[in-house]
Every structure is written in structure tokens, then in C-alpha cells.
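Report on one structure; see the data block that follows.
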Amino acid sequence: MPNRAALYPSQACKHKPSRRASSTCRSETLHPFVIRVRPGRTFPVTARFRIVSEADDPAVERFHDLLERTFADKNLTSDLETLRWQVRNRVNHRRIHFLVVAEERRRLVGGTLFTYVITANTAFSDYLVLEPAARGRGLGRELFNRRADILQKAANLFGRSQCLGVMIEVANPLRMTPRQRQAEAMSALDPVQRRRMFAHMGFLQVPVNYVQPPSRPGGKAVKYTDLLFHPMDPEVRRTLTVPARALYETVAAVWAGVPAARPYLRRLRQELGDDAVPLVPVAGLNQPLPQAQGQEGQ
29 MPNRAALYPS
39 QACKHKPSRR
49 ASSTCRSETL
59 HPFVIRVRPG
69 RTFPVTARFR
79 IVSEADDPAV
89 ERFHDLLERT
99 FADKNLTSDL
109 ETLRWQVRNR
119 VNHRRIHFLV
129 VAEERRRLVG
139 GTLFTYVITA
149 NTAFSDYLVL
159 EPAARGRGLG
169 RELFNRRADI
179 LQKAANLFGR
189 SQCLGVMIEV
199 ANPLRMTPRQ
209 RQAEAMSALD
219 PVQRRRMFAH
229 MGFLQVPVNY
239 VQPPSRPGGK
249 AVKYTDLLFH
259 PMDPEVRRTL
269 TVPARALYET
279 VAAVWAGVPA
289 ARPYLRRLRQ
299 ELGDDAVPLV
309 PVAGLNQPLP
319 QAQGQEGQ
């Protein structure tokens, strides 16, 4: 989960370069674009949804705190300064960062950070997280739907009928040590259950050996994550293929300006090749997991 920024049509990483909620519909001006945000729906938790547009908004630090409590491996999360930078520098010629939060009685209960990559007409979602007490109430699905709504409107703003799809990084339990799997299960969701959930939501796997570059100063690369892709465009859904260039540009835009990411991006470019990349079923759903205690770390 690397670096990103935001253009937004309704409704989200990691590095700096070198990596009031309202019950009525409101507008947010981003560069030359004006995008409307739908009013939040009411759930059993009475949550409201809004886009965070100011780096000093208390929701930024609260969202970062939720990330720190959700992911056991801190190499999977950005530092607070990077997150503030992403909100402050939401839009450039290449991409737009979005941070959308769900709040209940002014308390943050969830959120999603994602990037629309203008040059590829794709998106990269860094995080979609919920407080443990807010799970199972439809908030995750609503954040998922609002993200899709925003991305469609973003694509429309640039003359496209639909965003090609959303890419995410997800831990592969087959490449994690038992200790890593246990830590993730205790802090958030069991890695196998998480992958089953994404498969159920329509995500497919990009068949490459992905290595996530370091997401914060002093951090380590993460070797146990995969790239998943959720097709949104009808043609991508029909063929289950995505142009290699679009996939590469999605990841490259997210890690742009991070020198440490360059060797990882070169490797990814070689693995993707030049043709359309076939999406495959998500691996690691039913296979036996390694039981031998391995060396902890990335």
C-alpha cells in the first residue's frame, strides 16, 4: 500500500515524493473539477460518509490510528506524515487521491484510501478498514460501493464511460509464517478469510510475483502480498484481461517519487510483459497452509 492522491466524484498508499460532515449533498472543488458527494445513508450505527479534503482534519490522524490498530505488520501501513501529504496534495496530472471516512456521532468508525490513476483509467485502493465494533453492519459494503461510485464519476470526468477496475494488495497466507498469520488474525481478519471475502466480492488475481516496496521511511519490502483486481469495465469483465500497460501504470503512479520503489517497479514491468494480462482466480483459499515455523520478516 503505497503513495497516492485525490480527484473525487462522490465519495481513497503511502509515500511522499522523495512518497463537517453534512446531512445534505455538498460539493468539493478539486482543481478545475467540481464533484458532488452523496449524503450518507443511515445504518444501524447511524454512520455518515464524507471526503476528507484538509490535511489537518482530525479524521486524518484518526484514520491513521485505525490503520495502526488494524495491521499487525507496520510495513503494510504509511506513516502519519505521508497520509497528511496525500490529503494535502490530492490532485496532479497523473492521479487523484481520495480519503473517505465513515463517522458515527463524530467518531470515525471506518474509511477507505484510494487513488484514481488518470493516465490508466484504473484505481488503486490502499485501505478499506473498519473498527471491530462496526463490522458486520454493512459499512464495508457501503464504503466499497461509494468508492465504485466515485471512480465511475472520475472516469466520466475524463471522457471514459467506466473505470477499468480497482487494484489492491492482499496478504497471501501461503507465503506467511504461522506467526505472521496469527498476528494478522488477532489484529484484524484471518488472511484466508480476507482473501475469501475479496473473491466473493468479485476480485481476481494478477498472476505476477509481486513484492510491495517499503511503505515508510526505514520500512522493509513485503514479499507475501499479491495484487488483486476488481473489474468494473464491461469489456474487462467479459474478457477477464487487463492491458499490461494499465496494470503497470496503476502501480507506478502510486509509488511515483519513491526512489526505493524503482527496482521493484522494474521487476514488475518485466513480469507483466506487453500484452493483455489474464486475471485468474484468487489463490490461497483452500490450500493447506505451511505449518513449519519460518523466519519472521519480509
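In short: position in the sequence shown from 1, add 28, done, that's the working numbering.
By construction, the Cβ of each residue, glycine as well, lies at the ideal position given by its N, Cα and C atoms.
#1: Just mark Thr52 as buried or exposed, buried being the case when its beta carbon has 16 or more other beta carbons within 10 Å.
#2: With distances taken from CA atoms, which of Gly312, Glu277, Asn120 is nearest Tyr252?
#3: Taking Leu296 as the reference, which of Gly285, Ala274, Val310 has the closest Cα?
#4: For the putative contact between Ala21 and Glu277, defined by C-beta atoms under 8 Å, what is the C-beta separation to the nearest angstrom?
#5: So is Arg244 buried or exposed if we call it buried at 16+ other beta carbons inside 10 Å?
#6: Within the continuous beta strand (DSSP E) that includes Pro86, where are the two ends?
#7: With DSSP as the reference, please indicate the residues paired to Ser153 in a beta bridge.
#8: Taking DSSP as the reference, what is the three-state secondary structure of Leu136?
#9: Expressed to the nearest angstrom, what Euclidean distance is found between the alpha-carbon atoms of Ala280 and Arg207?
#10: Quick check on the burial criterion: 16 or more other C-beta atoms within 10 angstroms. Buried or exposed for His125?
#11: Can you check which of these residues, Phe231, Val88, Arg133, Arg163, is closest to Pro306 by C-alpha distance?
#12: Is Gln210 near the ligand MG, with its Cβ less than 7 Å from a heavy atom?
#13: Please classify Phe226: does DSSP put it in a helix, a strand, or coil?
#14: Check Phe348 in the structure and name its three-state DSSP category.
#15: Buried or exposed: which applies to Phe186, given that a residue is buried once 16 or more other Cβ atoms fall within 10 Å of its Cβ?
#16: Just reading off the alpha helix (DSSP H) that Leu300 is part of, what are its end residues?
Short version:
#1: The predicted model places Thr52 with a pLDDT of 30, which falls under 50 and marks its position as unreliable; any figure quoted below should be read in that light. By the 10 Å Cβ count, Thr52 comes out exposed.
#2: Gly312
#3: Ala274
#4: With the chain covering only 29 through 326, there is no way to say anything about residue 21.
#5: buried
#6: From DSSP, Pro86 is part of no beta strand (DSSP E) but of the alpha helix (DSSP H) over 86-98.
#7: Phe142
#8: strand
#9: 31 Å
#10: buried
#11: Phe231
#12: In the structure shown, the ligand MG is absent, as is every other ligand, since no ligand is present at all.
#13: helix
#14: Because residue 348 is not part of the residues shown, which for the chain are 29 to 326, the question remains open.
#15: exposed
#16: 290-300
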